[in-house]
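J.: Letter by letter, the sequence shown follows residues 12 to 351 in the working numbering. Here it is, the structure in full.
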Amino acid sequence: MNIKVVSSNQLKSGDLSIKTATTADMVALRQFAEDWEQRIGNGATVRIPTYGVLVHGVRTSSMNMDNFELIRDGILQDNKPFIPNAEIKYIGWLTRSSSTKSASSVVVEFTRPEDANKVIDEGLIWQGEVFQCELYDRQCRVRQCFQCHKYGHIGTQCKATITCGYCAQDHATRDCPTKSERDAPRKCAACNGPHEAWNNQCPTRKQEVNKAKAASKSRPRYHLELESFVARTTTGIRTRDRQNESNPIARTGRPTLEPGRPRDANSSRSRSPTKKQQKRANCSNNQVTPDDPRNEIVVNIGSQRPRRTLAPSRRVLETLDANRQITQHSQQMEVDDEEC
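Set out below in structure tokens:
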């Protein structure tokens with residue numbers, strides 16, 4: 012099977028984003044990443060997505076996030092009866108202030124969507140207790156840069172001038188000479204109001220919080236398990252092919268008046284421009300849909316920031332076979348202003 016790469020673009024972080032025509036093509040690139048990722052650059056690796064759940068009401072005294080391996084092994088052991096093959100890549104508190112509370116929410120990211128969905132259904136067992144879980148959607152968070160204090164990105168991606176969160180001057184927040192003075196005048200770097208950049212009364216911050224809440228209301232309950240999605244799509248394509256083979260006359264659409272044979276297949280088509288547009292929008296999974304996030308793969312370049320857009324060679328891509336399905340990036344559920 013030939014792999015069709017639609018585009019490759021360098022991200023602000025220095026990584027390379029590669030988009031394919033279909034999700035099946037992306038599955039092939041992920042599966043055989045070791046065969047081509049080093050051709051992008053020394054140390055380049057394909058970023059594998061994770062599938063997160065938000066665990067509510069966990070006692071903060073029961074988890075020391077400095078002992079990741081100990082917590083991970085404990086969770087996997089307690090939940091082994093219903094997720095025996097699960098792997099966990101990340102565990103952390105939802106917000107920075109979680110450690111000051113008696114109980115808070117924990118983000119747990121799995122390597123497979125099936126395991127995350129199982130935990131969403133059954134709950135997560137930890138130290139003899141069962142905790143309610145929900146899908147973790149990163150779109151449902153407030154992202155504020157700690158360098159320029161604008162919204163929508165984080166500090167590692169920021170190229171703007173460093174701005175103080177207390178007075179909006181051109182110095183780092185930690186170096187502000189008036190940060191310990193309660194009566195010192197404040198200026199927001201986001202809206203220019205008389206308050207700190209992270210103040211909850213900031214109009215700009217309120218808008219961002221409302222956006223995050225709106226995204227939270229429309230989030231799905233489960234992570235998309237794309238292996239079953241591909242299987243259903245492939246079955247549908249094969250079924251249509253078999254129907255066409257069993258009725259070749261209807262497929263060719265030859266005009267005829269012979270008994271038992273249909274008239275021109277095109278004669279019953281609607282000539283309405285509106286219906287034509289609707290049919291065009293009803294595209295299949297095998298069509299080129301470069302804007303579909305499922306068709307995107309991110310290559311982490313590491314310390315080597317590429318100076319030009321690169322793509323795998325045709326010879327490498329043409330040898331790949333698609334047999335697995337990619338999945339979306341880890342998801343979060345509640346509004347969170349913590350950067351990661």
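Don't be surprised by glycine CBs; every beta carbon is placed ideally from N, CA and C.
Mapping DSSP to helix, strand and coil, what is Thr167?
T.: helix
J.: Looking only at its chain, what residues have a beta carbon closer than 6 Å to the beta carbon of Cys199, apart from the 5 residues adjacent to it on each side?
T.: His206, Ala208, Cys213
J.: Would you be able to state if there are at least three C-beta pairs under 8 Å between the region 111 to 125 and the region 95 to 102?
T.: yes
J.: How should Asp77 be labelled, buried or exposed, when 16 other C-beta atoms within 10 angstroms of its C-beta is the threshold for buried?
T.: Around the Cβ of Asp77, a 10 Å sphere holds fewer than 16 other Cβ atoms; the residue is exposed.
J.: Cα-Cα, which of Val153, Lys112, Ala55 is closest to Asn221?
T.: Val153
J.: Can you tell me which of the three DSSP states Gln158 falls into?
T.: coil
J.: So, is Asn90 buried or exposed, given that buried needs 16 or more other C-beta atoms within 10 angstroms?
T.: The residue is buried, with at least 16 neighbouring Cβ atoms inside 10 Å.
J.: When you compare only the Cα positions, how much space is there between Arg144 and Asp194?
T.: Checking the displayed sequence, the identity of residue 144 turns out to be Cys instead of Arg. Approximately 43 Å between the Cα atoms of the pair.
J.: Going by beta carbon distance, what residues of the same chain come within less than 8 Å of Thr215, once the five residues before and after it are set aside?
T.: Tyr162, Cys199, Ala201, Cys202, listed in sequence order.
J.: Using a Cβ-Cβ cut-off of 7 Å (strictly less than) and excluding sequence neighbours within five positions of Lys129, which residues of its own chain qualify?
T.: In its chain, beyond the 5 residues on either side, Phe93, Ile94 have a beta carbon closer than 7 Å to the beta carbon of Lys129.
J.: If you draw a straight line from the alpha carbon of Ala39 to that of Arg230, how long is it in whole angstroms?
T.: Using only the alpha carbons, I get a separation of about 28 Å.
J.: Taking Thr61 as the reference, give the member of Glu133, Asp148, Cys175 with the closest Cα.
T.: Asp148
J.: When DSSP builds the beta bridges, which residues end up paired with Leu40?
T.: For Leu40, which the question treats as bridged, DSSP gives no partner whatsoever.
J.: Quick check on this structure: which residue in Ile14, Ser115, Ile86, Arg107 has the alpha carbon closest to the alpha carbon of Gln127?
T.: A small fix is needed here, since residue 127 is Ala in this sequence, not Gln. For Ala127, the nearest C-alpha among the options comes from Ile86.
J.: According to the Cβ coordinates, are His164 and Gly176 closer than 8 Å?
T.: no
J.: Going along the chain, which residues of its own chain have a beta-carbon closer than 7 Å to the beta-carbon of Asp132, five neighbours each way excluded?
T.: none
J.: Spatial neighbours of Lys23 within its chain, please: C-beta separation below 7 Å, excluding the five flanking residues on both sides.
T.: Gln168
J.: Across which residues does DSSP place Cys144 in a beta bridge pair?
T.: Val66
J.: Tell me, which residues are paired with Glu120 by DSSP?
T.: Gly63, Tyr101
J.: Per DSSP, Ser24 forms a beta bridge with which residues?
T.: Paired residues: none, contrary to the question.
J.: Report back the beta-carbon spacing between Ile51 and Leu27 to the nearest angstrom; my notes put them in contact at under 8 Å.
T.: 6 Å
J.: The alpha helix (DSSP H) that contains Leu81, what's its start and end?
T.: 79 to 89
J.: Could you check how far apart the C-beta atoms of Trp104 and Ser113 are, in whole angstroms? I think they sit under 8 Å.
T.: Contact flag wrong, Cβ pair sits at about 13 Å.
J.: Hey, quick one: how far does the alpha helix (DSSP H) through Ile136 stretch, first residue to last?
T.: No alpha helix (DSSP H) holds Ile136; the beta strand (DSSP E) holding it covers 135 to 137.
J.: Mind checking whether Pro158 and Ala171 have CB atoms under 8 Å apart?
T.: Residue identity check: residue 158 is Gln in the sequence provided, not Pro. Result yes, Cβ atoms of Gln158 and Ala171 sit closer than 8 Å.
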